[in-house]
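Below you'll find the structure, written out as structure tokens, and then a few comments.
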Amino acid sequence: MARRGTLDLFLQQRSDVRLATGGIKWSRRSTARHHRPLVSHRFVVAMVVARVSLLAAVSLIMGLQLAAPSTAAPASGQDCPTGWEGPHRDICYRLSEDARSWTDAKANGCEALSGGAYLASVTYANKAFLSKQESIVGSDYYWVGLRSGDAEWNSGTAAAEPVDYTNWEVMRHQEPSGSRITNDDCVMVTTASAPAEFQPAGSWVDWDCDYQTPAICQVQQNSDGSCSDGWTSVGSDCYAMTEALSFSEAELACSTKMTGARLAAVSDYDTLSAGLDIGTAGYLWIGLRSTPAADGALRWLANGEEVSDTPWKCIKYDEPDSEQMGFEDADCVVVNGLEADDLYQAGAWSDYFCTVEYKYLCALQL
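All residue numbers for the sequence shown refer to the working numbering, where the first residue is 2 and numbers rise by one.
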């Protein structure tokens with residue numbers, strides 16, 4: 002009889018053996034005969050080794066996965082000018098540490114830090130980010146770009162955007178306009194170091210506009226003279242021409258497309274059309290209404306500046322407010338982007354019903 006291996010001797014003493022790894026059954030048919038497994042022991046050993054190797058490999062892989070470090074977020078401030086925080090939604094922020102009046106901070110303080118900078122807007126989108134920046138909230142109070150009663154941040158500037166969130170202090174001072182101080186319609190935000198009467202931090206109070214305190218400034222992330230993708234640089238501005246909307250929808254779409262963007266003030270159509278492909282775009286909404294302001298002047302919506310040149314389309318229709326066309330109530334202005342002919346002059350203006358959908362021209366000051 003051939004010499005039995007260790008595994009065969011073990012099997013002789015058992016009538017049935019089941020291995021947990023495969024549930025393979027072994028039998029001893031007779032004590033008088035050489036006992037053989039139904040499956041070769043070499044095969045079983047190979048299966049056991051394979052199973053152990055597989056489990057070891059899985060454990061190793063899982064261990065590597067658990068030990069792998071997470072991908073770190075980009076460092077704050079990597080794309081902002083030196084000393085600025087962010088970017089957050091393409092905007093960089095900084096505390097102007099010089100104490101100034103609200104008007105001075107708006108006109109000079111932020112601009113001194115970076116060209117194209119404005120007093121900051123505090124919105125649903127950025128309020129949490131601003132509250133966590135220690136370099137920004139290092140003062141008891143700071144001016145922001147709002148006057149109580151305004152529906153827009155930085156109203157009348159290229160950085161204007163709708164007020165979508167308020168956080169007035171109402172417990173003690175009944176803000177806004179809760180104090181007896183005159184000229185108290187300029188808004189500042191409190192911090193954790195402000196007196197208890199102005200807590201919790203982040204509360205808004207309208208205050209004397211001549212009061213001097215630091216201000217929070219904001220600047221577009223790419224304010225280095227370049228335009229973002231989808232925008233074209235012409236002169237000192239970036240322009241984008243987009244899909245057809247009503248006038249009011251176009252106003253809102255511009256302001257949400259890029260912070261600080263407004264319907265364009267088109268004072269030099271020839272220069273604009275040379276740098277921007279609008280020659281066959283038809284009519285385009287621009288940032289103007291044909292109804293004069295309270296002072297009788299026609300003013301651009303983007304910056305409040307008086308319109309100096311009014312190229313109304315007068316070849317065929319008596320614009321603005323063409324009575325012969327029944328457009329007396331039409332006061333939203335379009336510029337004609339078609340090539341000049343006997344009827345339509347390229348660059349000429351028409352006022353039309355504001356609910357009609359045209360393409361529109363957004364502008365963003367660099």
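For every residue, glycine included, the Cβ atom is placed at its ideal position computed from N, Cα and C.
- Taking each of D186, N184 and T214 in turn and checking the Cα distance to T192, the smallest one comes out for T214.
- In this structure, Q222 is the residue among R263, Q222, G348 and D186 with its C-alpha nearest to the C-alpha of T83.
- Looking from the CA of C333, the closest CA among E198, A347, G348 and L289 belongs to L289.
- Look at K133 here: in three-state DSSP terms it is coil, with no helix or strand label.
- Judged by DSSP secondary structure, C111 falls within the alpha helix (DSSP H) whose first and last residues are C111 to L114.
- For S274, the closest alpha carbon among the candidates D310, A295 and V336 is that of V336.
- Spanning the alpha carbons of L131 and A245 requires a straight line of approximately 35 Å.
- Here G87 is buried, its C-beta having at least 16 other C-beta atoms within 10 Å.
- Taken through DSSP and simplified to helix, strand or coil, E162 comes out as strand.
- Each of P196, S156, I137 and I217 was checked against the Cα of E112, and the nearest Cα belongs to I217.
- A direct Cα-to-Cα measurement between W313 and A347 gives close to 11 Å.
- If you compare the alpha carbons of L120, A202 and N184 with that of K133, the shortest gap goes to A202.
- The C-alpha of D269 is placed about 35 Å away from the C-alpha of W85.
- In the structure shown, E358 falls within a coil segment according to DSSP collapsed to helix, strand and coil.
- Annotation for Y240: the continuous beta strand (DSSP E) segment containing it runs D238 to L246.
- CA-CA distance, T104 to D211, rounds to 8 Å.
- Residue nearest to C255 within the set L302, D207, Y284 and S291 is L302 (criterion: CA-CA distance).
- With a beta-carbon spacing of about 5 Å, L277 and T233 fall inside the 8 Å limit used to define contacts.
- Per DSSP, Y270 is one residue of the alpha helix (DSSP H) stretching across Y270 to G276.
- Excluding the 5 residues flanking it on each side, A121 has same chain C-beta neighbours closer than 7 Å at Y94, V145, G146, I217, C218 and Q219, in chain order.
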